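The sequence shown begins at 207 in our numbering and counts up by one. We treat Cβ as the ideally placed atom computed from N, Cα and C, and that holds for glycine. Being a predicted model, the structure only gives us computed values, none of them experimental. The structure appears right after this line, and notes come after that.
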Amino acid sequence: MDFRLNEEQEMIRVTARDFADKEIIPYCIEWDETHTLPRDAIKKLHELGFMTCGVPEEYGGSGLDHLCQAIVVEEIARGDAGLATTLAASTLLAADPVYVAATHEQKKWFYSRLVDGELAGFCLTEPGSGSDAASLSTRCVKDGDSYILNGTKQFISNGGVAGVYTVFATMDKSLGHKGICAFMVDRNTPGLSVGAPENKLGIRSSNTTQVIFEDVRVPAANLLGKEGEGFKICMKTLDLSRAVIASMSVGIAQGAFECALKYSQERNQFGKPISKFQAIQFILADMAMKVETARLLYMKTAANQDAGLPFTQLSAMAKCYAADVAMQVATDAVQVYGGYGFTKEYPVEKYFRDAKIMQIFEGTAQIQRIVIAGNLLKG
Ligand code: COS
């Protein structure tokens, strides 16, 4: 077993880390305060190939493997989790149903949009359906060689800025998960509109809106898989993308930890730097242990994904554990800063706010534990 990154993986990590240091960290407080999607940074990430890291090379993307995708997301999130969310929600979460279930023609259609610089959004959650994904209400009705979609999707990352979406809708709610279909939908289809951006606690440089479907006609050629396969496509997508949220969480934790470590050596109390006190050293040691264990878990999950080994259980564990770690480590970072950590003068309050959503989106901490326990009990 070799825990070291190979030369290519290390090069990708260093490139993403440099980008975060030079192009994200100096600006992300302003993006956060002004609730701004950083289009210039997204363009530069596109030029580096990171905005198409989930698009296979044969379709014009940079086609990184799962481990490298997760490494990129960690390093970008160390700078700004909002920007990491924009990237991951587009080239990974929204594109994963295509990766999982699309035909060659469908892949060409969807991936070319991302290669051209458009963003994508994943439309699953609804005002009345969050954790209970199978209870979604958006309807799809077959009409000739199209489907007509009606319904409202909630909390969609990139909702207002995407050019293309993957969308889940039901043919008949009484069929439960067996009635759900997955579609690729063009933003410019008549009847499709978006809501106002949510004013969020964290990841404020990302765009989150409702996406509303009113008699939206989608070609039958845009159905992913077969009718009724949408829920399984969705679950397989979330299995993939939860490992990415784990790496995003590690990025937040790493960023908060680095700030706390540095500050503890600069801040003097009782005549010496606070890092000289065991009380602070123990906090730093715990933070470092948690970051390292969470990183190992997401890397093992991604390595299993790349090796074609089972990863549903690991993915839920990595997401659940790393999200909790992000929250704990960011909280500890605020503690090390004391009163200053509670102000916007220092960056740790932003890590603290950004961390919270990691325990909520792409399946709450409680849903992950349901998945983990369910798998344990199934044997
Ligand atoms: N891969 C493939 N198939 C899966 C699967 C997986 N990981 N998980 C479940 N399935 C299948 C099951 O095998 C079952 O199929 P059969 O009926 O053919 O046996 C079907 O899907 C339904 O499974 P289950 O009964 O477990 O579904 P539930 O409705 O109980 O929901 C949870 C399961 C709670 C895990 C699911 O709704 C979920 O993940 N919720 C969270 C949603 C979420 O993450 N939202 C965030 C959106 S992105 S911000």
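Ranked by Cα distance from Glu433, the first of Pro403, Val417 and Gly382 is Gly382. Nearest C-alpha to Gly436 among Pro479, Met377 and Gln416: Met377. Residue environment for Thr499: exposed (fewer than 16 other C-beta atoms within 10 angstroms of its C-beta).
The beta-carbon separation of Ala508 and Ala449, rounded to 5 angstroms, stays under the 8 angstroms limit for a contact.
Boundaries of the beta strand (DSSP E) harbouring Ile418: Thr414 to Pro425, taken from the DSSP string. The DSSP assignment places 345-349, 352-363, 368-376, 386-392 and 398-400 as complete runs of the beta strand (DSSP E) inside the region 338-410, in order along the chain (cut-off: 3 residues).
Ligand 1 approaches Thr518 closely enough that one of its heavy atoms is under 8 angstroms from the residue's Cβ. Classified as exposed, Arg245 has fewer than 16 neighbouring CB atoms from the shown chains inside 10 Å of its CB. In the three-state scheme derived from DSSP, where H, G and I count as helix and E and B as strand, Ser453 is classed as helix. For Phe328, the secondary structure class from DSSP, reduced to helix, strand or coil, is strand. At a Cβ-Cβ threshold of 9 angstroms, Tyr504 and Ala536 do not count as neighbours. 9 angstroms or more divides the Cβ of Lys550 from the Cβ of Ile231. Taking a cut-off of 8 angstroms for Cβ pairs, the region 455-470 and the region 436-447 do not touch, as fewer than three such pairs fall below it. At a cut-off of 8 angstroms, the beta-carbon of Val373 does not count as near ligand 1: no heavy atom of the ligand is closer than that. A distance below 9 angstroms separates the beta carbons of Asn413 and Gly366.
Under the criterion of beta carbons closer than 8 angstroms, Ile563 and Gly408 qualify as touching, at roughly 6 angstroms. Closest by C-alpha distance to Ser341, out of Lys384, Tyr353 and Leu325, is Lys384.
Inside the region 452-487, DSSP marks no whole alpha helix (DSSP H) run of 4 or more residues.
Distances from the CB of His383 to the heavy atoms of ligand 1 include at least one below 8 angstroms. Burial of Gly285 is indicated by the presence of at least 16 other C-beta atoms within 10 angstroms of its C-beta.
The region 507-527 and the region 287-307 do not touch, with fewer than 3 CB-CB distances between them shorter than 8 angstroms.
Distances between the C-beta of Thr358 and the heavy atoms of ligand 1 are all 8 angstroms or more. Taking 4 residues as the shortest admissible run, the region 286-323 contains the following complete alpha helix (DSSP H) segments, listed from N- to C-terminal end: 287-293, 302-307 and 310-321. Counting C-beta atoms within 10 angstroms of its own C-beta, Ala368 has 16 or more neighbours from the protein chains shown and is therefore classed as buried.
If you draw a 10 Å sphere on the C-beta of Gly461, you find 16 or more other C-beta atoms in it, and that means buried. Nearest to Gly569 by C-alpha distance, out of Lys584, Val554 and Thr518, is Thr518. Shown here, Ser268 sits in coil according to DSSP, grouped into three states, outside any helix or strand. Inter-segment contact for the region 261-279 and the region 417-433 is absent: fewer than three beta-carbon pairs are separated by less than 8 angstroms.
Annotated three-state conformation of Leu429 is strand, per DSSP. Where Thr518 is concerned, the enclosing alpha helix (DSSP H) starts and stops at Thr518 to Tyr543. Under DSSP, Ser447 forms no beta bridge with any residue. Taking C-beta separations shorter than 6 angstroms and ignoring five residues to either side along the sequence, the partners of Leu251 in its chain run Met257, following chain order. Ala388 places its beta carbon 9 angstroms or farther from that of Val400. Relative to the Cα of Ala226, the nearest Cα in the group Val391, Pro516, Gly457 and Asp322 belongs to Gly457.
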